[in-house]
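Numbering (my numbering), first residue to last: 2 to 894.
In structure tokens form, the structure reads like this:
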């Protein structure tokens, strides 16, 4: 890297020279030891503090000093030799970790400058927006530095000319005294000499006054140039950083200048302001001592006042929150924040670090404080804060390695909060607060015998905060913060945000949420679907149409008990926690309506499926597929009851899709196993646990439709575990109380499809050491009724008495029955087959229902090569099995 430095433009070379301005790592050492320095693990030492890295830092410090001393002994240049000796001495007296950190952060700054230079040389887009503003700001810095240096020289020359003028004036006074006492014959000569002196004094005085006038103009120009540069840095670059920090709360990656870059510029500004101040002060002294001029004096006083204003502005604007507190803040929960003063070192505040205090304030208090100049601390005392924060006072610390003057609050905690009275539909999650960080200190600077003491009070507000007391308030709180972060205008009054914005801006925010939390954003089709849903319309709206805050987060969706944001937030959450890789691989269609799903699947081959988010159920993902109804062989689109986070936490979506063998191709025509197989959970040989039990494997199936097999489980015997066909008279009755789901009929292109009749839910134990198997039917302990469909399409109401059977088959005729008389929730897959192992009492009635209950069957396959072969042990194991309930009764999706 360092070999390229010499080829950089002059302004960039100067930037690098500023990086290496420390006494332990100057530019000379970076140049001489460049290759060795770049190979050392400085970053590990600076970022991972532990005994191992401390030992490494000590070893590198010794090697660093040894190399410098060795090089110093071989040099002929005495000046450079002395310089290296001084560096070695300074390094010897530094903490090893601190030395490593100084080197690391210097290399980081150099790397950023080199990256920018590389992008310029290759004519590519720079990694940060440095192309124009970086060059412009640095050109301004160079020009101002040059002007101030020249002004120093002019002031020095003016001071010398004034001293010479004073000497000449005294000589004239002596000549006048001689003239008064001179003899007659000498008077002519003395008078001639006096005339020459008078002329010289007059000329010198006029020249001096002209120099003063020009110097005043020059001081004014320098002051204006500093002020213009400060406006660029503070009102543009620092403001952009603040805006980037706010958008970061919504997941937008900030690509602008780092706070270290801005600190470098602000420190240069601080140097310029102090230098300009000293020049004004020296000019005032000069004018006071000789030939005072009222206009000149007034102008210099005005310049000094302007300089003080600039200094105060710089200090107050560079008191920033480097690490924001959480914007959704829960009471009695620890949180952190970091505050930094960018020009603290230039003000010598690290010699007497000031305290910083934190208070939480309401929106009303924030508006009042924005108009308070230097009385914020007394204001907080006079009008109590909006809550109580523990550990809210800290002392700024100077970090030599980074040159940061900052305070890190590690253990703050909000104990209580005072809320304002709510009006109308307002809720506590709509109320915004802020943390106020403030400090008082005195700026001290010595200019020879001209000390400067300027008292200063600084304050800064955090981003808006919503305070909650319970986790279920979090979604709405995030809605408030998301809207504020996205649509707040710079230099706004308090926390005011627009009440309505074009939907395309909301779409950008929602897409960025997915990018930040999941990895891949939203497509235009996704955004059009979301726009239609948020704006409560069936037609795809123009994305420029306005959406209100109320539509976004306050008003429930039609026929729902949740808002658009709550629905979207739950989808984002389940995708982040359970579906991230599938979403990033474009395997989830996601945001698509039921109607459009049926349309596109109707043109696809049998077994084609897609994955979509449920419209009406929060945080639900459903599987839609094209298939045949087992009852009348009609072809249509079927949809499973949505899986929620709990379902996917028990068994992953990929494994569930693997279980459903009737699903063959992901829309449009990709074989399922080609894209999902890498996400299947491999199942090895099942071993006994320490308790002697065998771990079950859960398998998903849709009775009547799912051609489920156990091919994906090589360790599970296939003999008696195959599900019964719909027409099999030996089918076990399905217990919909235990495992149920909705499978909705969709009428599409003239084809009316009905969902498949449910099959029984069974739990099976299979021992590999024998051919015995035990099947336990799921059952219900209460009497319930259910709608059935007969062969002619009429709905029947059936009331069943169902016996709970425990079968133990060992390929011989001994069979054990365990009968528990109870009522069961049953759908008969074949109305002509009414022969069961138990009695039925049937009654029928007509119904207008178009949604039929189907089943989502969970089967526990148990395999243990060491399982006991005796029927008694098998029966004992079977008796201990309990059906698992994954139903979501009552949801209309």
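Note that the Cβ used here is the ideal one computed from N, Cα and C, for glycine as well.
These numbers were taken from a predicted model, which means no experiment stands behind them.
Given a cut-off of 9 Å, decide if residue 91 and residue 46 are closer than it, judged by their beta-carbon atoms. Annotated as distal: residue 46 and residue 91, with beta-carbon spacing of 9 Å or more.
Go ahead and label residue 895 buried or exposed: buried means 16 or more other beta carbons lie within 10 angstroms of its beta carbon, across all protein chains shown. Since the displayed the chain opens at 2 and closes at 894, residue 895 lies outside it and no answer follows.
Can you tell which of 519, 196, 593 and 151 has its C-alpha closest to the C-alpha of residue 251? When the alpha-carbon of residue 251 is set against those of 519, 196, 593 and 151, the nearest one is in 519.
Simplified DSSP state of residue 413, which is helix, strand or coil: Of the three classes helix, strand and coil, the one that applies to residue 413 here is strand, per DSSP.
Could you round the C-beta distance between residue 459 and residue 316 to whole angstroms and report it? I think they count as a contact, below 8 Å. For a cut-off of 8 Å, the C-beta gap from residue 459 to residue 316 is around 6 Å, short enough to register as a contact.
Exposed or buried, residue 168, counting other C-beta atoms within 10 Å across all chains shown (16 or more means buried)? So residue 168 counts as exposed.
Best match in 516, 514 and 465 for proximity to residue 498 [C-alpha to C-alpha]: It is 465 whose Cα lies nearest to the Cα of residue 498.
Neighbourhood of residue 294 by C-beta, 7 Å cutoff - its chain only, sequence neighbours within 5 removed: 288.
So, for residue 242: in the same chain, excluding its five sequence neighbours on each side, which residues have a beta-carbon less than 7 Å away from its beta-carbon? These residues qualify, in order along the chain: 257, 258, 260 and 263.
Need the endpoints of the beta strand (DSSP E) that residue 356 sits in, please. Start and end: 356–363.
Are the Cβ atoms of residue 536 and residue 504 separated by less than 9 Å? Going by C-beta atoms, residue 536 is nearer than 9 Å to residue 504.
Is residue 202 near the ligand SAH - that is, is its Cβ less than 8 Å away from at least one heavy atom of it? With respect to small molecules bound, the structure shown includes none, and the ligand SAH cannot be examined in it.
Just to confirm the assignment, what range does the beta strand (DSSP E) spanning residue 330 have? From DSSP, the beta strand (DSSP E) with residue 330 extends over 329–331.
Which residues in the same chain have their Cβ closer than 8 Å to the Cβ of residue 585, if we skip the five residues on either side of it in sequence? Here the set comprises 519, 520 and 521.
For the alpha helix (DSSP H) that residue 353 lies in, which residues bound it at each end? The continuous stretches of alpha helix (DSSP H) do not include residue 353, and DSSP gives it neither H nor E.
Pick out whichever of 199, 308, 246 and 162 has its Cα sitting closest to the Cα of residue 222. Answer by Cα proximity: 308.
Alpha carbons only, please: which of 388, 439 and 387 is nearest the one belonging to residue 407? Nearest C-alpha to residue 407: 439.
So if DSSP puts residue 460 in a beta bridge, which residue, or which two residues, is it bridged to? For residue 460, DSSP records a beta bridge to 439.
Where does residue 508 fall in DSSP's three states? In this structure, residue 508 counts as helix in the three-state DSSP scheme.
Whole-angstrom distance between residue 329 and residue 421, CA atom to CA atom: Cα-Cα distance, rounded: 18 Å.
Ends of the alpha helix (DSSP H) at residue 398? Residue 398: not part of any alpha helix (DSSP H); member of the beta strand (DSSP E) spanning 398–400, first to last residue.
Would you decide whether residue 51 is buried or exposed? Buried here means 16 or more other CB atoms lie within 10 Å of its CB. Counting of Cβ neighbours within 10 angstroms places residue 51 among the exposed residues, the total staying below 16.
What are the residues that DSSP puts in a beta bridge with residue 407? BP columns for residue 407 point to 341 and 398.
Along the chain, where does the alpha helix (DSSP H) containing residue 629 start, and where does it finish? For residue 629, there is no enclosing alpha helix (DSSP H); the enclosing beta strand (DSSP E) has its first and last residue at 622–629.
Looking at C-beta atoms only, is the number of pairs between the region 154–170 and the region 194–214 that lie closer than 8 Å three or more? Contact annotation: the region 154–170 touches the region 194–214, with at least three C-beta pairs closer than 8 Å.
Among the residues of its own chain, which have a CB less than 7 Å from the CB of residue 351, if the five just before and after it don't count? Here the set comprises 345, 399 and 406.
Bounding residues of the alpha helix (DSSP H) (the contiguous stretch that carries residue 476): Residue 476: member of the alpha helix (DSSP H) spanning 475–488, first to last residue.
DSSP puts residue 591 in a beta bridge; with which residues? Answer is 613, bridged to residue 591.
Strand pairing of residue 501, partner residues [DSSP]: BP columns for residue 501 point to 549.
For residue 347, which option in 272, 419 and 631 has the closest C-alpha, if you only look at C-alpha atoms? If you compare the alpha carbons of 272, 419 and 631 with that of residue 347, the shortest gap goes to 272.
For residue 51, the three-state DSSP class (helix, strand or coil): Residue 51 falls in the coil class under three-state DSSP.
Whose CA, out of 507, 556 and 523, lies closest to the CA of residue 544? Of the candidates 507, 556 and 523, the one whose C-alpha sits nearest the C-alpha of residue 544 is 507.
The beta strand (DSSP E) spanning residue 639 covers which residue range? Its beta strand (DSSP E) spans residues 636–640.
For residue 445, write down the residues that DSSP places opposite it in a beta bridge. Within the DSSP bridge table, the entry for residue 445 names 454 as partners.
If you follow the alpha helix (DSSP H) that residue 223 is part of, which residue opens it and which one closes it? Per DSSP, residue 223 belongs to the alpha helix (DSSP H) from 185–232.
Any idea if residue 579 is buried or exposed, counting beta-carbon neighbours within 10 angstroms, 16 or more meaning buried? By the 10 Å Cβ count, residue 579 comes out buried.
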